[in-house]
Amino acid sequence: MKVRDFVRRDLSAVERDTPVIQVIKLLDNSGLSSLPVVDEEGKVVGVISERDLIRALIPAYVDMLHSASFLPSLDRLAKKLREIGNHPVERYMTKEVVVAHLDDTDLHVADLMLRKGLKQLPVVDEKGHLIGLVRRIDLLSRL
Amino acid sequence: MILTVTPNPALDKFYWVAELPKTLGPVEEGIVVRAEKSLTSAGGKGLNVSMFLAAHGVETVAMGFLAGHTGQIILRDLLSRGVSANFVWIEGENRTNVALILRGQEYHPIHIHEEGPSIPKEAVGIFLRKYEAMLRKANFVVLAGILAPGLSPDFYRELARRAREKGVKVVVHAGGEALLHTFRERPFLVKPDVREAPRLGDLSVRTKEEIIAAGKQAIQEGVELCLISHHLTGDILISADGVWEFETSVPLSTFRNLVGADDALVGGILLGLTRGMDLIESVRYGMAAAVASAEVEEKLCLDQGKIAKEMEHVEVRYLGAK
Chain A
1 MKVRDFVRRD
11 LSAVERDTPV
21 IQVIKLLDNS
31 GLSSLPVVDE
41 EGKVVGVISE
51 RDLIRALIPA
61 YVDMLHSASF
71 LPSLDRLAKK
81 LREIGNHPVE
91 RYMTKEVVVA
101 HLDDTDLHVA
111 DLMLRKGLKQ
121 LPVVDEKGHL
131 IGLVRRIDLL
141 SRL
Chain B
1 MILTVTPNPA
11 LDKFYWVAEL
21 PKTLGPVEEG
31 IVVRAEKSLT
41 SAGGKGLNVS
51 MFLAAHGVET
61 VAMGFLAGHT
71 GQIILRDLLS
81 RGVSANFVWI
91 EGENRTNVAL
101 ILRGQEYHPI
111 HIHEEGPSIP
121 KEAVGIFLRK
131 YEAMLRKANF
141 VVLAGILAPG
151 LSPDFYRELA
161 RRAREKGVKV
171 VVHAGGEALL
181 HTFRERPFLV
191 KPDVREAPRL
201 GDLSVRTKEE
211 IIAAGKQAIQ
221 EGVELCLISH
231 HLTGDILISA
241 DGVWEFETSV
251 PLSTFRNLVG
261 ADDALVGGIL
271 LGLTRGMDLI
281 ESVRYGMAAA
291 VASAEVEEKL
301 CLDQGKIAKE
311 MEHVEVRYLG
321 AK
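Line by line, the protein sequences give chains A and B. FYI, in the working numbering the residues of the first sequence are 1 to 143. FYI, in the working numbering the residues of the second sequence are 1 to 322.
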């Protein structure tokens, strides 16, 4: 089976200069865990995930230690969010984007997701324009 | 690609009932109306147009504002029908529109429409940027349905202006002020929604003569083509070149669900134009799609064979330049 057979043609995305606080709202309202970041032409230039945003908020040592128990309190995160809330999302997005194409096989996409530990992949056309996404559940539900 | 904008999407719920209580009865007793059948579908004029087009293999992207659990159900339904979706997510809950259809009187449904969530200014800004980007890929844009609370009556005019500047043809499938304000942006086609109030601006559109006069007025104000429903099985097309009347001889008793029929009409016209039919044939095809949709319980008839058969019954009369 190819990606074109199960792509979710949802073009939900944000632009590079979208403020961080707006991205959090969009993720919350849409129920998505990440959003592609696109340029003016709709080309995918990054992905912003909940994880990227948490990383932006917590001190680097907490991320390294993989434990939030080293955080004194969540107040520090709230303060940090106030500081970076109006920053453009491109500062915090993942720039090395793993993408899928319509003619990729389901096996190829499953392999990519497993190896990279990704919950969803943007699907792009030959010019890099966003045309949808593939989620892990889209693969699982077709097994 | 055909872009559709539905600022106030809905979840359509249809209930078919064998009978309705004639009186409310004693106050202490509740009323239970049991449905023989029910259907649920993504709804709103633009979404219906997109669903019709996608089912016929036309690339289409639906835009608008989604919210809450209802928004998730609407999105899921759209995607499952092959429509590409590019929505702005907002807080709140999209509306649910209920149609209660009494067996034997399907041509006269009872509608309960919710208002829909209010659109914050910030969301309008995000929408406009997405819209600009999508216009680059569009041949037509369909501005459809009632505006959501919080949107300016000039919302469609602004969208029409941006589309015109990019050379994208605009179809306005709406009513009231929002429709009238678009006229000066010279839309390609307007299909006024006159279900609740048979008026176009200050002009009544009840009789054939009134419809032609109102259509002519719209043409003078900048509209290229104006299509107004005369009655359930008749439409009148007015352009600078003349007036055409489209009529089909179908008894009302064949109708099963009228919701979405006028959206199938717009979808059918666009499908015809996309496939290279001339304007009059495209409107005939649209009218056949509308009648075929009214004759099935599902909101839209997606059976091309049935639409082609209905097309045989659609008659066109040229009423002259008038």
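Beta carbons: idealized from backbone N, C-alpha and C, even for Gly.
On the premise that LEU39 of chain B lies in contact with THR4 of chain B, defined as a C-beta separation below 8 angstroms, what is that separation, rounded to the nearest angstrom?
Numbered from 1 along the second sequence, position 4 holds the residue referred to as residue 4 of chain B. Numbered from 1 along the second sequence, position 39 holds the residue referred to as residue 39 of chain B. At roughly 21 angstroms, the Cβ-Cβ gap does not stay under 8 angstroms, so THR4 of chain B and LEU39 of chain B are not in contact.
For VAL45 of chain A and ARG195 of chain B, what's the separation of their Cα atoms in angstroms?
Taking the first sequence and counting its residues from 1, one reaches residue 45 of chain A at position 45. Taking the second sequence and counting its residues from 1, one reaches residue 195 of chain B at position 195. Cα to Cα, VAL45 of chain A sits roughly 46 angstroms from ARG195 of chain B.
For chain B, find out if any of its Cβ atoms is closer than 8 angstroms to the Cβ of LEU133 of chain A; answer yes or no.
Here residue 133 of chain A corresponds to residue number 133 of the first sequence, with the count starting at 1. It does not; no Cβ of chain B falls within 8 angstroms.
Report the CB separation of VAL355 of chain B from LEU319 of chain B in whole angstroms; it is logged as a contact under 8 angstroms.
Nothing about residue 355 of chain B can be reported from this structure: the residues present for chain B run from 1 to 322 only.
Ends of the alpha helix (DSSP H) at SER293 of chain B?
On the second sequence, position 293 is the one that residue 293 of chain B refers to. Going by DSSP, SER293 of chain B is part of the alpha helix (DSSP H) stretching over 279-294.
Could you please give the first and the last residue of the uninterrupted beta strand (DSSP E) stretch that includes LEU225 of chain B?
Counted from its first residue, the second sequence places residue 225 of chain B at position 225. LEU225 of chain B -> beta strand (DSSP E) spans 225-231.
Along the chain, where does the beta strand (DSSP E) that runs through VAL5 of chain B open and close?
Translated into the one-based positions of the second sequence, residue 5 of chain B becomes position 5. From DSSP, the beta strand (DSSP E) with VAL5 of chain B extends over 2-6.
I'd like the ranges of any alpha helix (DSSP H) spanning at least 4 consecutive residues and lying wholly in the stretch 61-122 of chain B.
68-80
With 8 angstroms set as the bound, which would you pick, yes or no: does the beta-carbon of GLU165 of chain B sit closer than that to a beta-carbon of chain A?
Along the second sequence, one-based indexing puts residue 165 of chain B at 165. No - not a single Cβ of chain A is within 8 angstroms of the one on GLU165 of chain B.
State the Cα-Cα distance for the pair VAL99 of chain A and VAL38 of chain A, rounded to the nearest angstrom.
Taking the first residue of the first sequence as position 1, residue 99 of chain A is located at position 99. Taking the first residue of the first sequence as position 1, residue 38 of chain A is located at position 38. Taking C-alpha positions only, VAL99 of chain A is separated from VAL38 of chain A by approximately 13 angstroms.
Roughly how many whole angstroms lie between the Cα atoms of LYS169 of chain B and LEU151 of chain B?
In the second sequence, residue 169 of chain B corresponds to position 169, counting from 1. In the second sequence, residue 151 of chain B corresponds to position 151, counting from 1. Going from the Cα of LYS169 of chain B to the Cα of LEU151 of chain B covers about 23 angstroms.
Just to confirm the assignment, what range does the alpha helix (DSSP H) spanning THR274 of chain B have?
The count along the second sequence starts at 1 and reaches residue 274 of chain B at position 274. Its alpha helix (DSSP H) spans residues 261-274.
At a CB-CB cut-off below 8 angstroms, which residues of chain B make contact with GLU15 of chain A?
Taking the first residue of the first sequence as position 1, residue 15 of chain A is located at position 15. Residues of chain B whose Cβ lies closer than 8 angstroms to the Cβ of GLU15 of chain A are, in chain order, ARG129.
Hey, quick one: how far does the beta strand (DSSP E) through HIS173 of chain B stretch, first residue to last?
The residue labelled residue 173 of chain B in the question sits at position 173 within the second sequence. Unbroken beta strand (DSSP E) run through HIS173 of chain B: 169-173.
Applying a beta-carbon distance threshold of less than 9 angstroms, which residues of chain A neighbour SER84 of chain B?
Sequence index remark: in the second sequence, residue 84 of chain B carries index 84 (1-based). Neighbourhood of SER84 of chain B in chain A, by CB distance below 9 angstroms: ARG9, ASP10, LEU11, ILE131 and GLY132, in chain order.
Quick check on the DSSP output: what are the complete alpha helix (DSSP H) runs of length 4 or more inside the stretch 181-262 of chain B, in order along the chain?
208-220
With 16 as the cutoff for other CB atoms within 10 Å, does VAL20 of chain A come out buried or exposed?
Counting from one through the first sequence, the residue named residue 20 of chain A turns up at place 20. Around the CB of VAL20 of chain A, 16 or more other CB atoms lie within 10 Å, so the residue is classed as buried.
Tell me the rounded alpha-carbon separation between VAL124 of chain B and LEU66 of chain B.
Here residue 124 of chain B refers to the residue found at position 124 when the second sequence is read from its first residue. Here residue 66 of chain B refers to the residue found at position 66 when the second sequence is read from its first residue. Distance between the alpha carbons of VAL124 of chain B and LEU66 of chain B is about 12 angstroms.
At the level of alpha carbons, what is the spacing between ARG310 of chain B and ARG157 of chain B?
Here residue 310 of chain B corresponds to residue number 310 of the second sequence, with the count starting at 1. Here residue 157 of chain B corresponds to residue number 157 of the second sequence, with the count starting at 1. Note on residue identity: the sequence assigns Glu, not Arg, to residue 310 of chain B. Taking the straight line from one Cα to the other gives about 35 angstroms.
Write down the C-beta distance between LYS43 of chain A and GLY128 of chain A rounded to the nearest angstrom, noting that I regard them as a contact closer than 8 angstroms.
Sequence index remark: in the first sequence, residue 43 of chain A carries index 43 (1-based). Sequence index remark: in the first sequence, residue 128 of chain A carries index 128 (1-based). At roughly 4 angstroms, the Cβ-Cβ gap stays under 8 angstroms, so LYS43 of chain A and GLY128 of chain A are in contact.
Can a CB atom of chain A be found closer than 8 angstroms to the CB of ALA174 of chain B?
Taking the second sequence and counting its residues from 1, the one referred to as residue 174 of chain B is at position 174. For ALA174 of chain B, the answer is no, since every Cβ of chain A falls outside 8 angstroms of its Cβ.
Could you confirm whether any beta carbon from chain B is found closer than 8 angstroms to the beta carbon of GLN22 of chain A?
If you number the first sequence from 1, residue 22 of chain A lands on position 22. Yes, GLN22 of chain A counts as interfacial toward chain B.
Return helix, strand or coil for TYR156 of chain B, following the three-state DSSP convention.
Here residue 156 of chain B refers to the residue found at position 156 of the second sequence. Three-state result, TYR156 of chain B: helix.
For GLU93 of chain B, collect the residues of the same chain with a Cβ closer than 8 angstroms to its Cβ; drop the 5 residues on either side in sequence, then sort them by chain order.
One-based indexing of the second sequence puts residue 93 of chain B at position 93. ALA67, GLY68, HIS69, THR70, GLY71 and PRO117, listed in sequence order.
Do the stretch 5-24 of chain B and the stretch 97-111 of chain B make contact, defined as three or more Cβ pairs closer than 8 angstroms?
yes
Look up ASP104 of chain A in the DSSP assignment and say whether it is helix, strand or coil.
Taking the first residue of the first sequence as 1, we reach residue 104 of chain A at position 104. Looking at ASP104 of chain A - three-state DSSP - the assignment turns out to be coil, as it is neither helix nor strand.
Can at least three beta-carbon pairs, one atom from the stretch 71-82 of chain A and one from the stretch 122-139 of chain A, be found at a separation below 8 angstroms?
By the criterion of at least three beta-carbon pairs nearer than 8 angstroms, the stretch 71-82 of chain A is not in contact with the stretch 122-139 of chain A.
Which residue's Cα is closest to the Cα of VAL33 of chain B: B:ALA197, B:LEU102 and B:ILE146?
By 1-based counting over the second sequence, the position of residue 33 of chain B is 33. Answer by Cα proximity: B:LEU102.
Are GLY225 of chain B and ASP235 of chain B touching if we call contact CB-CB under 8 angstroms?
Position 225 of the second sequence, counting from 1, holds the residue named residue 225 of chain B. Position 235 of the second sequence, counting from 1, holds the residue named residue 235 of chain B. It should be noted that the sequence gives Leu, not Gly, for residue 225 of chain B. No. Outside cutoff.
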